[in-house]
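A.B. asks: Counting the sequence shown from 1 gives a position; the numbering used here is that position plus 4. We treat Cβ as the ideally placed atom computed from N, Cα and C, and that holds for glycine. Once you've had a glance at the structure underneath, I'll fire off some questions.
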Amino acid sequence: MKVYLSASFLVPLIQSDKKETLKNLLLTSIDSNTRFFTSTYSIHIVFSNLGVMNVEKKKMILRNLEDLCDQIFPISMDEIRSELLLTDGLGLEQVSALNEGMDEFYHYGKDELVVHPLLKIRNFFWETN
């Protein structure tokens, strides 16, 4: 199974009071066929949300993300165009996940996402609260 890790999932996994719970849920969801992916856009959002930190901590977080993910996708102009033209309002992360053939999209938040029928969303917020 190919799983896209969104910024909304990665930020609490890195820095929240729920990070141990999220880590354990993530580990239990892994089987021999589970592979994790994210995008440069998601990583940019992560670092924007984490705020000011020293360079060594940023390098450590980036190394850990590279180790966790099989691949970090670049964002193409086609994906930006698709996101802008879609009336569904899926967001760039979901558009990237769909374009890259992801089976599931990991999210963490109270908000309800607009969902595409070809992409299964797993919201860890409801599993940890």
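Which same chain residues, not among the five before or five after Leu-117, have their C-beta less than 7 Å away from its C-beta?
C.D. replies: Taken in chain order, the residues that qualify are His-111 and Ile-125.
A.B. asks: What separation, rounded to the nearest whole angstrom, lies between the Cα atoms of Asp-2 and Leu-123?
C.D. replies: Only positions 5 to 133 of the chain appear in this structure, which leaves residue 2 out of reach.
A.B. asks: For Val-7, which of helix, strand or coil comes out of DSSP?
C.D. replies: If DSSP states are grouped into helix, strand and coil, Val-7 belongs with the strands.
A.B. asks: Just to confirm, are Thr-42 and Leu-9 a CB contact at a threshold of 8 Å?
C.D. replies: A contact, by the Cβ cut-off of 8 Å.
A.B. asks: Which term fits Pro-78, buried or exposed, when burial requires 16 or more other beta carbons within 10 angstroms of its beta carbon?
C.D. replies: The residue is exposed, with fewer than 16 neighbouring Cβ atoms inside 10 Å.
A.B. asks: Identify the continuous alpha helix (DSSP H) that holds Phe-129 and give its terminal residues.
C.D. replies: Where Phe-129 is concerned, the enclosing alpha helix (DSSP H) stretches over 129–132.
A.B. asks: Note the first and the last residue of the continuous alpha helix (DSSP H) segment covering His-48.
C.D. replies: Residues 44–54.
A.B. asks: Around the C-beta of Val-50, are 16 or more other C-beta atoms found within 10 angstroms, so that it is buried, or is it exposed?
C.D. replies: Counting Cβ neighbours within 10 Å, Val-50 comes out buried, since at least 16 surround it.
A.B. asks: Within 8 Å, do at least three Cβ pairs link the stretch 45–59 to the stretch 11–30?
C.D. replies: Contact holds: three or more Cβ-Cβ distances are below 8 Å.
A.B. asks: By Cβ distance, which residues of its chain are closer than 8 Å to Leu-26, with the 5 residues on each side in sequence left out?
C.D. replies: Closer than 8 Å at Cβ, skipping near neighbours: Phe-13, Pro-16, Leu-17, Ser-20, Tyr-112, Phe-128 and Thr-132.
A.B. asks: Enumerate in chain order the residues of its own chain whose CB-to-CB distance from Leu-90 is below 8 Å, with the five nearest sequence positions on each side excluded.
C.D. replies: So the list reads Val-99, once near-sequence residues are dropped.
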